[in-house]
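A short write-up of the structure that comes next.
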Amino acid sequence: MSTLSNWRQSARALLPGDCFLRRDQQLRALFVTDFPRRHPDLTAETLHSMQSAGFEITEEKGLWLIDLCPQAQFAFISSLPEPRIRNDLPLEIQSLCRSLLSQGITPAHLQPWKAVKRALLRLDAGEEALLIPELRAILAQYKRQKTALPTAIVSLLNEEGKTC
Amino acid sequence: MRGKKVLLSVVGVVQDVGAEEASDEMRLVTTGELSGEKDSWALRYIETQPDTAETHQVTFTMQNGVVTMSREGAYRTSMIFSQGNRFEGNYETPYGALEMGVYPTHVKYNVDENDKGEVLLKYQLDIQGQFASMREMRIRFAPRRRA
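First to last, the protein sequences are chains P and S. For what it's worth, our numbering labels the leading residue of the first sequence as 64, then goes sequentially. For what it's worth, our numbering labels the leading residue of the second sequence as 574, then goes sequentially.
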């Protein structure tokens, strides 16, 4: 079961009653749910339990956008295997990994979660073909702005390569 | 493939991030040779280093929306400009090779029926994994008229 599926299961278990819970296709957060629209009387209590479980909730137009809190982001990134370049992956992915690691491995607490999250969502949706050109543009921007590079994505791509 | 003498101007601009004006600009007017047809062209000229007077042949090839630049000599370089696609290569210097990355944001070229044309490249340059500069290169060329 994928990482995203595990988190989805955990979030699902904390949402009492009928509602949808799906991957956020707009990549704003990990998941989106209409729980607050359907169960407004339970939102306060459910919000508290979600936050206690390590989720961060943002409300937008009556929907909840569910993401990981910073502590959970750090724990997840720290749990990933050390990133390395696998030479059995396609060349364009090797090149991307080389670029990601060109400034060394970024400490977990400095990794830009927005980019890591994008990779998680795209890979979970089987959208690697969309992810690769997006990452090229993101990397160019991060280097230009001297933002720490999301080296955790190399570990995610390596894991994806194992299952292909 | 025909080869035609052309007069060309090369303008190279280097811009630091956040700067309102270019931090460095290079201009060159020289003669070269254009060969090719339809959507497959090669433009060659000799570049002279202002400080050492060394000359290097520079070749631009243009095909299928992709521009390739190669420079011979002590500072041998080869770069492929394909919009949205990162290119990695080595920048050779007399003191060793540097890892170079190019991320083109704009790649355009055209050659009209009179062999007059332009190449426009805008790209981000990284050296040894670190951002170096935003660059723009514009080459305009036209058939050379004999006096």
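Just so it is clear, CB atoms sit at the ideal spot from N, CA and C, and this is done for glycine as well.
_Backbone secondary structure at Asp624(S) - three-state DSSP_ = Within the second sequence, the letter at position 51 stands for residue 624(S). If DSSP states are grouped into helix, strand and coil, Asp624(S) belongs with coil.
*Is there at least one Cβ from chain S nearer than 8 Å to Arg199(P)'s Cβ?*
Taking the first sequence and counting its residues from 1, one reaches residue 199(P) at position 136. Yes, its Cβ sits closer than 8 Å to a Cβ of chain S.
*So, is the C-beta of Asp699(S) closer than 8 Å to a C-beta in chain P?*
Within the second sequence, residue 699(S) is the residue found at index 126, counting from 1. So, interface residue.
_Between which residues of its own chain and Ile139(P) is the CB-CB distance below 8 Å, once the five residues before and five after are set aside?_
One-based indexing of the first sequence puts residue 139(P) at position 76. Ile is not the amino acid found at residue 139(P); the sequence shown has Phe there. If we look at Phe139(P) and ignore the five residues flanking it on each side, its Cβ neighbours are Thr66, Leu131.
_At the level of alpha carbons, what is the spacing between Gly671(S) and Glu197(P)?_
For the purposes of this step, residue 671(S) is taken as the residue at position 98 of the second sequence. For the purposes of this step, residue 197(P) is taken as the residue at position 134 of the first sequence. Residue 671(S) is actually Leu in this sequence, not Gly. Between Leu671(S) and Glu197(P), the C-alpha separation is close to 26 Å.
*Name the chain P residues that come within less than 9 Å of Tyr668(S), Cβ to Cβ?*
Counting from 1 along the second sequence, the entry for residue 668(S) is found at position 95. Result: empty, since nearest Cβ-Cβ is about 21 Å, beyond 9 Å.
*asked:* Give the list of continuous beta strand (DSSP E) stretches no shorter than 3 residues that lie fully inside the segment 64-95 of chain P.
replied: 84-86
_Strictly below 7 Å CB to CB, what residues from chain S border Pro196(P)?_
Within the first sequence, numbered from 1, the residue matching residue 196(P) stands at position 133. Those within 7 Å of Pro196(P) in chain S are Gly657.
*Assigned secondary structure, Tyr668(S) (DSSP; H/G/I helix, E/B strand, else coil)*: Position 95 of the second sequence, counted from the first residue, corresponds to residue 668(S). Correct three-state label for Tyr668(S): coil.
*asked:* Distance check for Arg708(S) and Val586(S), CA to CA, integer angstroms please.
replied: In the second sequence, counting from the first residue as 1, residue 586(S) sits at position 13. In the second sequence, counting from the first residue as 1, residue 708(S) sits at position 135. Rounded to the nearest angstrom, the two C-alpha atoms are 6 Å apart.
_Per-residue contacts from Gly646(S) into chain P (C-beta, under 8 Å)_ = Numbered from 1 along the second sequence, position 73 holds the residue referred to as residue 646(S). Simply none; closest approach about 27 Å.
*Would Leu110(P) pass as a contact of Leu163(P) if the rule is Cβ separation under 8 Å?*
In the first sequence, the residue the question calls residue 110(P) occupies position 47. In the first sequence, the residue the question calls residue 163(P) occupies position 100. Contact flag unset, no.
*Determine, using beta-carbon pairs with one atom in the segment 216-224 of chain P and one in the segment 160-180 of chain P, whether at least three such pairs fall under 8 Å.*
yes
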